[in-house]
Structure formats: structure tokens, C-alpha cells
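Offset between the sequence shown (1-based) and my numbering: plus 27. Don't be surprised by glycine CBs; every beta carbon is placed ideally from N, CA and C. Computed from a prediction, not measured in an experiment: that's the story for all the values here. The structure appears right after this line, and notes come after that.
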Amino acid sequence: MNALILVDLQNDFVPGGALAVPGGDAVVAVTNRLLAGGAVRARGASPTERLRFDLVVSTQDWHPADHKSFAANHPGRSPGDVIDLGGLPQVLWPVHCVQGTPGADFLPGLDRSRVERVFQKGTDPAVDSYSGFFDNGQRKATGLGEYLKGRGVTDVYVLGLATDYCVKFTALDAIGLGFHVHLIEDACRGVNLRPGDVAAAVEAMRAAGVAVIRSDAQ
Ligand code: VGL
Ligand code: ZN
């Protein structure tokens, strides 16, 4: 049993949004194609067999307006600054994905017909939550891990935004929970706050045991 996890395919993460990821809008077409029976092969499948996803879920960055990851909530600070937040290093971001705002909505062109559950994260103003499974302090679970285990999922495929933040930590936590994890690299885009961040994130995932694949893998 496999599952596809769509990570944060939301308006604020594409060009024109508050925390625009370069090229973020390009993942919509790749994702829709995969959902329509695209070309990635399942682990162990024969070379001619196309990957079919048994289950599709989504994460949604969903912050209250007073979230402490927003530079605007720290007088004198700017986006990109790093502060200590409850004992964890925290990159400060522009205000983004505020609950109920258009920026927090899913991308309009995205085919959501197969999404069975949405797991919201980043709702606690005191702690950020990059992973779709746990907050950054690994204190609270979103329920995604239990849901996937309860559905009998062994393999997860991860795509979305942003490669060097939410995609990375979702994939790493999935490894920690014992799933076989596959990153669909060309269906992801990253922030690259510092040049090389995306490449380093992909390497960190690979080193942790994530299989890095492409949507057109042969
Ligand atoms: C994300 C930064 C802040 C992400 C979310 O979805 O990767 N990045 N909030
Ligand atoms: Zn966020």
C-alpha cells in the first residue's frame, strides 16, 4: 500500500504569493499528471508497470496571524533572520498561509479530487512545523503518521513545496516512522535562501534513506 503526500501546494508558496518559491507553480502540472496515472514506477514493479497511488493526502501550512515564525511579529527583525524560538533555531518568514486567507488556499489548478485527508500544521503560534508529521520540536503529531499506518501504508511518495523545508522534514520524519520514502524530485521546488540549500536538502534526504526519483523515471 502506498500513499502520495502533497506538501503545501498553496498560493503563498508560488510566484505572486507571500513566500514565493521560484518555479513553485510548475509542480501543479507534474502533480496532476502523476495523479492521472503518471509515469513513476512503484518499488518492485516491473519496468512496464506504471505507479498508481493507493491513497493521496495533503498537508497545509495553516498559521494563526500571531505566529512566531513571522518576522512581522518580532519588532526590528526581517525575513531571513534566524532567532531562537523555544530553544530551536527559527528562520523568520514573511507573513504567509494565515488561516482562512487566500494565500493559504490550495493552488487553483491542482486536481484535489483524490485527496482523502488534509493535515494542517503550524497552528501553534509558539512553534513552527515544517514536517507534515510533527512540529519542529517533535512534540506534537498532526495525525498523519497514525493515519497512514492505520491505512496499511508502507511506501510514501513525497512532492511539493518547499524542497528545503517542508518537503525535506516530511520525508525525513517519514523515514523515522519506518516508511519506505520516495522523493519525486522534479515535482518539488525549493526556497534556496542560501544557494545550494535545495541540493543539500536532497542529499540529506538521500543520506537518510530516501529514494530520489523523477516523475518520468523509466
Ligand atoms: C514552508 C517555510 C515556512 C514550506 C512553510 O512549506 O516549506 N517553508 N513555512
Ligand atoms: Zn509556514
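Buried or exposed (CB count within 10 angstroms, at least 16 for buried), residue i
| i | result |
| --- | --- |
| V109 | exposed |
| K148 | buried |
| T24 | Beyond the ends of the chain as shown, which are 28 and 245, falls residue 24; an answer cannot be given. |
| M232 | buried |
| Q245 | For Q245, the predicted structure reports a pLDDT of 46, less than 50, and the residue's modelled location is therefore unreliable. A value from the coordinates is still provided. Looking at its Cβ environment, which holds fewer than 16 other Cβ atoms inside 10 Å, Q245 is exposed. |
| D111 | exposed |
| A153 | exposed |
| A226 | exposed |
| D35 | buried |
| S140 | exposed |
| A234 | exposed |
Beta-bridge pairing of residue i - partner residues as DSSP gives them
| i | result |
| --- | --- |
| P116 | D111 |
| A30 | L82, V183 |
| D88 | K148 |
| A238 | H209 |
| V125 | H90 |
Distance, residue j Cα to residue i Cα
| i | j | result |
| --- | --- | --- |
| L134 | R70 | 29 Å |
| C124 | V237 | 28 Å |
| N38 | L188 | 11 Å |
| I211 | N59 | 13 Å |
| V84 | G103 | 38 Å |
| T86 | D151 | 15 Å |
| A72 | L82 | 17 Å |
| V229 | V239 | 8 Å |
| T169 | D88 | 12 Å |
| N29 | L62 | 13 Å |
| L204 | K176 | 9 Å |
| R77 | D243 | 10 Å |
| G172 | A98 | 30 Å |
| D93 | V122 | 9 Å |
| D138 | K95 | 32 Å |
| A131 | R178 | 27 Å |
| V118 | S105 | 10 Å |
| R221 | K195 | 16 Å |
Nearest-angstrom beta carbon gap, residue j and residue i [assumed within contact, 8 Å]
| i | j | result |
| --- | --- | --- |
| L115 | G159 | Actually they are not in contact, since the Cβ atoms of L115 and G159 sit about 18 Å apart, beyond 8 Å. |
| G51 | R216 | 5 Å |
| R144 | Y184 | About 16 Å separates the two Cβ atoms, so there is no contact after all. |
| F40 | L46 | 6 Å |
| D224 | D200 | 19 Å between Cβ atoms; not a contact. |
| V57 | V218 | Their Cβ separation, rounded to whole angstroms, is 18 Å, which puts V57 and V218 out of contact at 8 Å. |
**Report entry** Runs of beta strand (DSSP E) lying entirely within the region 34 to 64, each at least 3 residues, in chain order
**Finding:** none
Query raised in the report: Residue ranges of each alpha helix (DSSP H) run of no fewer than 4 residues wholly in the region 137 to 217, ordered along the chain?
Result: 171 to 177, 195 to 203
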